[in-house]
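Engineer:
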Amino acid sequence: RPTGSGDNTREKPTSTDDDDGDNRSDDTKATNTPRPTTGSDSQDPTPSFDESYDITGIAGSAVMMTPNLMLIPTPMFVIGTNVTLGWKYSNYTLRPPKKISICGKFPKDSKKSKDPAALCDWDIAVNISGTLSKYTWDTLVKSAPGVAFSEDKGYLLYLYDSDFGVSNYVPGAGRIPPSQFWFNMYNSRYKNTNEGIQKGYDPSAAHSLSVQLWIVATAVILGVLGIGV
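Counted the way our numbering counts, the sequence shown spans residues -6 to 222.
1) By how many angstroms is the C-alpha of Val71 removed from the C-alpha of Met178?
2) For Leu133 versus Ile95, is the C-beta spacing smaller than 8 angstroms?
3) Specify the secondary structure class of Lys91 as computed by DSSP and reduced to three states.
4) Helix, strand or coil for Tyr85? Go by DSSP, reduced to three states.
5) Which of the three DSSP states, helix, strand or coil, is assigned to Pro59?
6) Apart from the five residues on each side of it in sequence, which residues of its chain come closer than 6 angstroms, Cβ to Cβ, to Leu87?
7) What three-state label does DSSP hand Lys101 in the structure shown?
8) Does the Cβ-Cβ distance between Trp175 and Tyr148 come in under 8 angstroms?
9) Within 10 angstroms of its Cβ, does Asn84 collect 16 or more other Cβ (buried), or is it exposed?
10) Are the C-beta of Val159 and some C-beta of chain B separated by less than 8 angstroms?
11) Can Ile93 and Tyr162 be called in contact, C-beta distance under 8 angstroms?
12) Could you tell me the boundaries of the beta strand (DSSP E) in which Asp47 lies?
13) Using three-state DSSP, classify Asp108 as helix, strand or coil.
14) Between the segment 50 to 67 and the segment 108 to 124, do three or more beta carbon pairs fall short of 8 angstroms?
15) Going by DSSP, what residue range makes up the beta strand (DSSP E) through Ala118?
16) Looking only at its chain, what residues have a beta carbon closer than 7 angstroms to the beta carbon of Pro68, apart from the 5 residues adjacent to it on each side?
17) Cα separation between Trp115 and Glu144?
18) DSSP three-state call for Gly147: helix, strand or coil?
19) By DSSP, does Val71 sit in helix, in strand, or in coil?
20) Could you tell me the distance, in whole angstroms, from the CA atom of Ser126 to the CA atom of Ser103?
21) Please report how far the alpha carbon of Cys113 lies from the alpha carbon of Tyr46, in whole angstroms.
22) For Gly158, count neighbouring C-beta atoms within 10 Å of its own C-beta (all shown protein chains included) and say buried if the count is 16 or more, exposed if not.
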């Protein structure tokens, strides 16, 4: 039966336990509740990833660009010179390193390693910015203390995420495991670099220059002999 005009007020909902100042819906609370973290997620530069990504995500990688290992699988470095190292991260590297380190290992048969079981014998770079993609290694400065490089094959170089170490090959989805490659070292025996070479000399033009000189010399000889050219 329709109520009178004085009965048209609606009954207010009864209060619940959430009336202590928190009137959000359960969905809102669930959204704002911090997600649990796993492993070393406190170091994660992209904290929006959830637990499922750690399980199903693909690991990233650091790909060496300089030297180009696709063209030169085992590069050769000159002892006592600067060596340029360049790299890039794969598209799967969704958690790029904050800091990276680079180290080297002597050849196994050189007997130069103070600790043969250690992965690294000397540091090339320690905790440099993870945003870098290039580093210059001064082989005169960055070497094992008290141990000189020698001509040999079988050296190893490692590039790795400083937060996870050189021996951690499963740092997690989106992160880079250590990257490594073999290289050889040798002494350059070319000591007359730029000696006696004129400024601005272009070696690519050497062939055309020699042809021009030959033509001039031939013309002079024919002129002396009285033969016209």
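For every residue, glycine included, the Cβ atom is placed at its ideal position computed from N, Cα and C.
Structural biologist: Once the coordinates are examined:
1) The alpha-carbon atoms of Met178 and Val71 are separated by roughly 6 angstroms.
2) Against a cut-off of 8 angstroms, the Cβ pair of Ile95 and Leu133 comes out as no contact.
3) Secondary structure of Lys91 (DSSP, three-state): coil.
4) Coil, per DSSP.
5) According to the sequence as given, residue 59 is Thr; it is not Pro. Here Thr59 carries a strand assignment [DSSP, helix/strand/coil].
6) Hits under 6 angstroms: Gly167.
7) Three-state result, Lys101: helix.
8) A distance below 8 angstroms separates the beta carbons of Trp175 and Tyr148.
9) Asn84 sits exposed, since fewer than 16 C-beta atoms from the chains shown fall within 10 Å of its C-beta.
10) Of the protein chains in the structure, only one exists, and it is not chain B.
11) Contact flag unset, no.
12) Judged by DSSP secondary structure, Asp47 falls outside any beta strand (DSSP E) and instead within the alpha helix (DSSP H) spanning 44 to 49.
13) Asp108 falls in the coil class under three-state DSSP.
14) Here the segment 50 to 67 makes no contact with the segment 108 to 124; the two share fewer than three CB pairs at distances below 8 angstroms.
15) Residues 115 to 122.
16) Excluding residues within five positions, the ones whose Cβ falls inside 7 angstroms are Pro60, Phe176.
17) Cα atoms of Trp115 and Glu144: separation of roughly 17 angstroms, rounded to the nearest angstrom.
18) In the structure shown, Gly147 sits in a strand (DSSP, three-state: E or B).
19) In this structure, Val71 counts as strand in the three-state DSSP scheme.
20) Here the C-alpha atom of Ser126 lies approximately 31 angstroms from the C-alpha atom of Ser103.
21) Within the model, the alpha-carbon separation for Cys113 versus Tyr46 is close to 32 angstroms.
22) By the 10 Å Cβ count, Gly158 comes out exposed.
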